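**Q** A single structure is presented below for examination.
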Amino acid sequence: MRKKFFLKELSRYRVGTYADIVYRNALLYSDGMAFKCGEERISFSEFNSRVNRVIHGLHALGVG
C-alpha cells in the first residue's frame with residue numbers, strides 16, 4: 477500500500493535532477509541496496525544521506 481501511494485504521488489513530478497531521483501528512490505526503497513562494492517553495501521537511504529551532505533557542502537562553498 478505504501479509503495480503504491482509513493483509511486484502514484486511521485487509519478488506527478490518530472491524526472492528532475494540526479495539528486496531528485498536519488499531522493500525518490502530513498503523514499504520508495506529506503507532499505508534496499510543501492511550499491512555494492514566488494515563486501516560494502518549502501519542502502520538507498522544511506523546513499524541519499526551522502527548525496528545530501530555533498531550537495532550542502534558544495535552550496536556552502538558557493539557552488540550552484
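No gaps in the numbering here: position 11 of the sequence shown is 487 in our numbering, and each next residue is one more.
The beta-carbon is built from N, C-alpha and C at its ideal position, and this holds for glycine as well.
Computed from a predicted structure; not experimentally measured.
Leaving aside the five residues before and after Tyr505 along the sequence, list all residues of the same chain whose C-beta is less than 6 Å from its C-beta, in chain order.
**A** Excluding sequence positions up to five before and after Tyr505, its CB lies within less than 6 Å of the CB of Phe520, all in the same chain and listed in chain order.
**Q** Compare the C-beta of Gly533 against all C-beta atoms of chain D and say whether one is closer than 8 Å.
**A** You won't find chain D in this structure, because it holds only one protein chain.
**Q** Any idea what DSSP makes of Arg500, helix, strand or coil?
**A** It is helical.
**Q** Could you compute how far the alpha carbon of His532 sits from the alpha carbon of Asn524?
**A** 12 Å
**Q** Can you give me the start and stop residues for the alpha helix (DSSP H) that Ser521 sits inside?
**A** Phe520 to Ala536
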